[in-house]
Amino acid sequence: MKVSLLLHNAYGVGGTVRTVYNLAHALAGSCEVEIVSVLRRRKTPVFDIHPAVTLRSLLDLRPGHGDRDHELSRRASAIVPPDEEFARFYNALTDQRLEEFLSRTDADVVIGTRPAINLYVARFGKASSLRIAQEHMTQSLIPPKVRAEMTRHYDGLDASVTVTEADARALSETLRDNAERPHVLAIPNSVPAPLVEPSDRDNKIVVAAGRLEDLKRYDVLIRAFAIVADKRPDWRLRVYGDGPVLGGLKNLTELLNLGDRVAFMGQYSPIEAEWVKGSIAAVTSDLESFGMTIVEAMRCGLPVVSTDCPVGPREIIDEGVTGFLVDVGDSAAVADRLLRLIDDDGLRHRMGSQALALSGAYDPAVVAAQYTKLFSTLLEHKKARTQRQLSTSSLRTTVTSAPAVASAKSAAPVVRRPSVITAAGTALDPPSNVVRVLPRYFARSVELSMSRYGRRHLYKRTRHIVGSRLGEFLNHLDARWSRSASTTTVDDDGAVRVRLDVPRNVRKDFALECQLRGTTTRFTVDLESEPDTDGPLRRLTGVFPADARPAVDGVWDLYLRAVGGRRHRITAGTRDVRALLDPARQPGDEPFRWHIPYATQNDRLSIRSFQRERHAELDEIAVEGAGLVLRGRVFGVTPGPTPPRVVVRARHSDDIEVSYPGVWQTGRDFRCELALDRLVRVRLTRHDDFDVWLVADEGAEPIRMQRILSDIPWKKDMNRYPEVRVSEETDELLVREYPEPNLFVKPYFTPAEEFSIFVSDK
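So for the sequence shown, this note's numbering puts the first residue at 497; every next one is plus one.
The following block contains the structure:
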């Protein structure tokens, strides 16, 4: 059976794209699957694609391609209503290409994935194919004119599939006046099992993730966490994602003086390695068409606190079992449920375990089985309908008109019977040379990492069972060693362990090469093979040492080098670095070493390394009145009887500084209060930067204060600290002539993770 999935833009990002890819990968074990992208704007897709899934596009809008300035693209679409959310992307050219594709495709099943595409499928899909609409958008958000077009034309569909039961009921109501309305049912989106171990739910972190937009109401979550932080100041909130309201959310954290307690992490992929760093997940949307982030969190073993918004959360979360549901917009209720999970370790662990167990219902294999069952049911209905049509036609034909009977039979719709795949991978009834893949040959590692040579080896191993088409696909796909995705973890001693999959049939020795960025300094690490496993790949492991030399601060870029051959940058892959959050794994007294693996902007693996003899770690910055309270720790320094001092120096004038007395607390911990009025009196200009140092003992060299000890390599924009307004004593006569200046002091971190203070006369 051939299945064709139509996406608006399969080369981009988004929840619909991700879930369609998940479904395509799961169906590829038993069907020939293709993803057809209406538009194409990139050379390669953002998401990895299963080797057995074909990806094609109908319009290529990349620079230099003819479709970009095609004459038909300037004419309005005759199919898509102008009120449809993506109507601006559809025109006479998309009408032409989609009609041509749908009228010529040999797919047994054609699935559209948004209202605009579903209208094309309904109007131009072949009667011999199963025509299915996936409805990822909440029905209440579909404009009335678009719903009217759905009512008019959805009789051309065999089924319409929503992702929630609530939307299935709403869609049935929309189509109630359509005499030939399609079969309507709900099948949820799928989320694969994570490649990392589930969360142990011991880190004091609440995690939220998704696009930062108004509908997601992260402001409700931040206000709720302000209540939590006041009662449990040792807990932190991490918000992953980007979007138009990011600036406003940072301003809100500044207004609420949340500083260190709320971090904006930006976009991360894969996100599962970030979910497992948390202990609780939070969703505070006004509306969720499904709730992918809820399922992602549950698959990582986190209990979820969510608003009971339409329409997804209430169908995913089992109240009091896998999480809590609260009223939309109720920050106090969100805070209450978060505190219940924070204060009750047993409840948190019990709910997280239940969430992990029940989230298996959203596994791609389970969801794909629901679709294959739907295909079978619809084929049976179509076959029965065809037989009824033939029976009716034969009753109207005279016994003596044999030619007419033959004509009637020849005009009947053709029903293509689904192929049956035997254990040997052979297609029976009817025979076919389409792609047939045995699941064992496509383990997760193969999907994520496959070199040019590995694909050729897989081609040789599978050609007799998968047919020539897949063999040619694998043989000609140009993927270099750099496409091998790594799996990265951190050992107890701080060393970074990198695992790579390479083709088993390539009998070469490989090394992990580490180069200090911006220099010619490099060293190599031997890669050792792990015990043999089945499949075309073998796993190699290398360790970036905790005491890497030279012992300097910097960034190390990682390469895979064939001994005697070329080297290639390593793809970042999955980075499970939660060990860096474990207080028990903090550095010893000396020397100070800390290595953080991360993905560069082009998704390559690098390590930010900090190594020095002494270090002053700033753990907390608190704004209290017109001052700052600093708390931190020292490494490579033994606290003596003399109390520490914090020295604040003008960046552009070393002879201007203010000294503040501090105190030693437990062990290596220090605390210091900074009265900011002293600082503003020594400024030289209207806008001055001051750098902050710690003097651990009289006569000792000052140590620049930094924030390094975490799993985040670049922290400059993570937190937003409030501006502190400071009054300056001014002569009364001068104030009458010149108004008293508005003086503000704002703490921040530099790109080098160094703590500084900005003084501004506004």
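Built from N, CA and C at the ideal position, the CB exists for glycine as well.
Would you report the Cα separation of residue i and residue j, rounded to the nearest angstrom?
i	j	result
W1210	L691	24 Å
L501	G755	46 Å
E596	G508	24 Å
P766	V772	11 Å
D1043	P1243	33 Å
A861	R665	25 Å
G510	Y517	11 Å
F1019	R1057	12 Å
E631	S785	10 Å
D988	R1071	16 Å
K878	P541	35 Å
P655	L874	The question names Pro, but residue 655 is Ala in the sequence shown. About 8 Å.
V1125	R719	23 Å
V779	D710	13 Å
A682	L837	32 Å
A759	D730	14 Å
D1184	R833	44 Å
F582	R610	9 Å
A991	F1106	12 Å
L667	R677	10 Å
L589	T512	24 Å
S1188	G744	Checking the sequence, you will find Val at residue 1188 rather than Ser. Cα-Cα distance, rounded: 29 Å.
E815	D804	10 Å
G1123	Y1217	13 Å
A1075	F1254	34 Å
I701	T1067	28 Å
May I ask you to report which of helix, strand or coil DSSP gives residue i?
i	result
G797	coil
A907	For A907, the predicted model reports a pLDDT of 36, less than 50, meaning its position is unreliable and no value from the coordinates is stated.
S1025	strand
H1111	strand
M1265	There is no way to answer for residue 1265, as the model of the chain reaches only from 497 to 1258.
N747	helix
V1231	For V1231, the pLDDT reaches just 43, beneath the cut-off of 50, and the residue's location in the model is therefore unreliable, although a value from the coordinates is still provided. Correct three-state label for V1231: helix.
A777	strand
G1038	strand
V862	helix
Based on the DSSP secondary-structure assignment, which residues constitute the bridge partners of residue i?
i	result
K1242	F1254
E1120	G1123
F786	Looking at the DSSP assignment, F786 forms no beta bridge with any residue, so it has no partner.
V1188	V1144
I628	I607, A655
E815	G819
V617	V617 is not bridged to any residue.
D1053	Q1011, S1102
Q883	Paired residues: none, contrary to the question.
E528	K498
G842	DSSP lists no partner for G842.
P999	L1033
P1209	Paired residues: none, contrary to the question.
Y714	Paired residue(s): none; Y714 is not in a bridge.
M633	Its beta-bridge partners do not exist; DSSP assigns none.
W731	In the DSSP output, where bridge partners are listed per residue, W731 has none listed.
Where does the unbroken alpha helix (DSSP H) through residue i begin, and where does it stop?
i	result
I701	Careful: I701 lies outside any alpha helix (DSSP H), inside the beta strand (DSSP E) at 701-705.
M646	640-649
R836	827-839
E567	Here E567 belongs to no alpha helix (DSSP H), and DSSP marks it neither H nor E.
V513	511-523
S553	Unbroken run through S553 is the beta strand (DSSP E), 549-556; no alpha helix (DSSP H).
L681	Element bounds for L681: not the alpha helix (DSSP H) but the beta strand (DSSP E), 679-682.
F597	588-600
For residue i and residue j, which I take to be in contact (beta-carbon distance under 8 Å), what is that distance rounded to the nearest angstrom?
i	j	result
S802	L821	6 Å
V687	V791	5 Å
V1178	V1154	6 Å
L798	V724	Between V724 and L798 the Cβ distance is about 16 Å, and since that is not below 8 Å, they are no contact.
G499	V529	Note that residue 499 is Val in the sequence shown here, rather than Gly. Confirmed, Cβ separation roughly 5 Å.
V807	A662	4 Å
In the DSSP assignment, find the beta strand (DSSP E) that holds residue i and state where it starts and stops.
i	result
F1166	1165-1171
W1160	1149-1160
R1074	Unbroken run through R1074: none, as it is neither H nor E.
L708	Taken as a continuous stretch (DSSP letters only), L708 belongs to no beta strand (DSSP E), as it is neither H nor E.
Q1202	1199-1202
A1196	Segment: none, A1196 is in no beta strand (DSSP E) and carries neither H nor E.
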